[in-house]
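Report on the structure given below.
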Amino acid sequence: MLKFGIVILVALFPLIGMGQVQNEKVIKQQSQSWFALNNNITFNKHWGVLADFQLRRNEFLDTDSFYYLRGAAAYTTENKQTIALGYGHVWNAPSNPNCTTFSNEDFIFQMYDFSSKMGKVSVLNRFRNEQRWQQVIVDDVWTGDKVFSDRVRYLVSFDIPIFKKKTMPSLVVSNEILLQFGKEIVYNTFDQNWFFVGIKQSITPKLSFDFGYMNVYQQKKSGYQYNMNHTLRLFFYYRNNVNSLTHFGHHS
Numbered sequence: 001m002l003k004f005g006i007v008i009l010v011a012l013f014p015l016i017g018m019g020q021v022q023n024e025k026v027i028k029q030q031s032q033s034w035f036a037l038n039n040n041i042t043f044n045k046h047w048g049v050l051a052d053f054q055l056r057r058n059e060f061l062d063t064d065s066f067y068y069l070r071g072a073a074a075y076t077t078e079n080k081q082t083i084a085l086g087y088g089h090v091w092n093a094p095s096n097p098n099c100t101t102f103s104n105e106d107f108i109f110q111m112y113d114f115s116s117k118m119g120k121v122s123v124l125n126r127f128r129n130e131q132r133w134q135q136v137i138v139d140d141v142w143t144g145d146k147v148f149s150d151r152v153r154y155l156v157s158f159d160i161p162i163f164k165k166k167t168m169p170s171l172v173v174s175n176e177i178l179l180q181f182g183k184e185i186v187y188n189t190f191d192q193n194w195f196f197v198g199i200k201q202s203i204t205p206k207l208s209f210d211f212g213y214m215n216v217y218q219q220k221k222s223g224y225q226y227n228m229n230h231t232l233r234l235f236f237y238y239r240n241n242v243n244s245l246t247h248f249g250h251h252s
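With UniProt numbering applied, the sequence shown covers 1 to 252.
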């Protein structure tokens, strides 16, 4: 499974240069913080729902970057492969500090992931395909137009035990590449690359978090301008069964 993931990454990287202009590359260094609550509620061993809320801030905590909601119906096979279909909405803050209008984005997505073991290391491979409709904002006003793009994402993540006790944190290293396509996507087929290194820690059997450094490298629409976002990431993960939630409700 690991070799399969590496082959996918190698195959995708030649696409990064497609359609780029030949201007000298300009990289803007920025700092961010990124917080998320990712929920996985199961109905039985196969069916469940995913529900995520995320927010990102610029200049560590100073200004808005985006607010993000995503939900999906998910099906897990006997061998722990998961497919999901869902919808999400993003409120993107304006990059110009003198503007106040957020750009709304609607998207539907399809997801497939599978987990495997490489010795004691847990490996997650995840594919997502997103169909996105983003508002066009000009002079702080929505023009009434939306831009459509299709974005393909591939993530590989390694959960590496560093202590013998399972109650101690593990090391997490992951990378996700995002490619986009569409009529308006001329110079930046390569959208972003997200590299993360940090720790993963269980709080309870149903709640855990990861915390660490994330590098968000993004190519802008011009093709030669890039953002290098040095990001402090804190993601919480909640997993439960609907029967447990119902049981809790009867006793509260």
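Note that CB positions come from ideal geometry on N, CA and C, so glycine has one too.
Measuring CA to CA, which of the options is closest to residue i?
{"i": "Gln180", "options": "Ile203, Arg126, Arg151", "result": "Arg151"}
{"i": "Lys129", "options": "Gly48, Ser122, Tyr112", "result": "Strictly speaking, residue 129 in this sequence is Asn, with Lys absent from that position. Answer by Cα proximity: Tyr112."}
{"i": "Glu105", "options": "Ser222, Ser149, Val26, Arg132", "result": "Arg132"}
{"i": "Asn215", "options": "Asn193, Phe235, Ser208", "result": "Asn193"}
{"i": "Gly182", "options": "Lys221, Ser157, Ile203, Ser202", "result": "Lys221"}
{"i": "Asn125", "options": "Ile83, Ile137, Lys166", "result": "Ile83"}
{"i": "Arg153", "options": "Ser115, Lys164, Gln110", "result": "Gln110"}
{"i": "Phe43", "options": "Ile203, Ser157, Ala74", "result": "Ala74"}
{"i": "Asp52", "options": "Ile41, Phe60, Leu61, Asp62", "result": "Ile41"}
{"i": "Val156", "options": "Leu245, Lys25, Phe127, Lys166", "result": "Phe127"}
Since I believe residue j is in contact with residue i (beta carbons under 8 Å), could you give me their beta-carbon distance rounded to a whole number of angstroms?
{"i": "Lys200", "j": "Asp210", "result": "5 Å"}
{"i": "Asn38", "j": "Tyr226", "result": "Not really, about 28 Å apart at Cβ, beyond 8 Å."}
{"i": "Asp64", "j": "Ala93", "result": "4 Å"}
{"i": "Ser170", "j": "Ile160", "result": "6 Å"}
{"i": "Ser68", "j": "Leu50", "result": "In the sequence as presented, Ser is not what sits at residue 68; that position holds Tyr. Not really, about 13 Å apart at Cβ, beyond 8 Å."}
{"i": "Met228", "j": "Lys80", "result": "With a Cβ gap of about 36 Å, Met228 and Lys80 do not count as contacting."}
{"i": "Phe196", "j": "Arg233", "result": "6 Å"}
If you measure between the beta carbons of residue i and residue j, is that distance less than 7 Å?
{"i": "Ser103", "j": "Gln135", "result": "yes"}
{"i": "Gln219", "j": "Asn243", "result": "no"}
{"i": "Ser31", "j": "Arg57", "result": "no"}
{"i": "Ile185", "j": "Ser149", "result": "yes"}
{"i": "Lys224", "j": "Asn23", "result": "Correcting the residue type first, residue 224 is Tyr in the shown sequence and not Lys. It is a contact, given that the beta carbons lie within the stated cut-off."}
Quick one: residues in its chain with C-beta nearer than 6 Å to the C-beta of residue i, no 5 flanking neighbours on either side, listed in chain order?
{"i": "Gly198", "result": "Val172, Asp210, Phe211, Gly212"}
{"i": "Lys206", "result": "Arg239, Asn240"}
{"i": "Ile108", "result": "Tyr87, Gln131"}
{"i": "His230", "result": "Ser31"}
Going along the chain, which residues of its own chain have a beta-carbon closer than 8 Å to the beta-carbon of residue i, five neighbours each way excluded?
{"i": "Ile162", "result": "Met168, Pro169, Ser170, Leu171"}
{"i": "Phe46", "result": "Looking at the sequence shown, residue 46 is not Phe but His. Answer for His46: Tyr75, Thr76, Thr77, listed in chain order."}
{"i": "Leu61", "result": "Ser33"}
Taking 7 Å as the limit between beta carbons, can you name the residues of its chain near residue i, skipping five residues before and five after?
{"i": "Val141", "result": "Thr101"}
{"i": "Trp91", "result": "Phe66, Tyr67, Phe102, Asn104"}
{"i": "Phe235", "result": "Ala36, Asn38, Phe209, Asp210"}
Check: Using 8 Å as the Cβ pair cut-off and three pairs as the minimum, do the region 139-150 and the region 119-126 touch?
Finding: no
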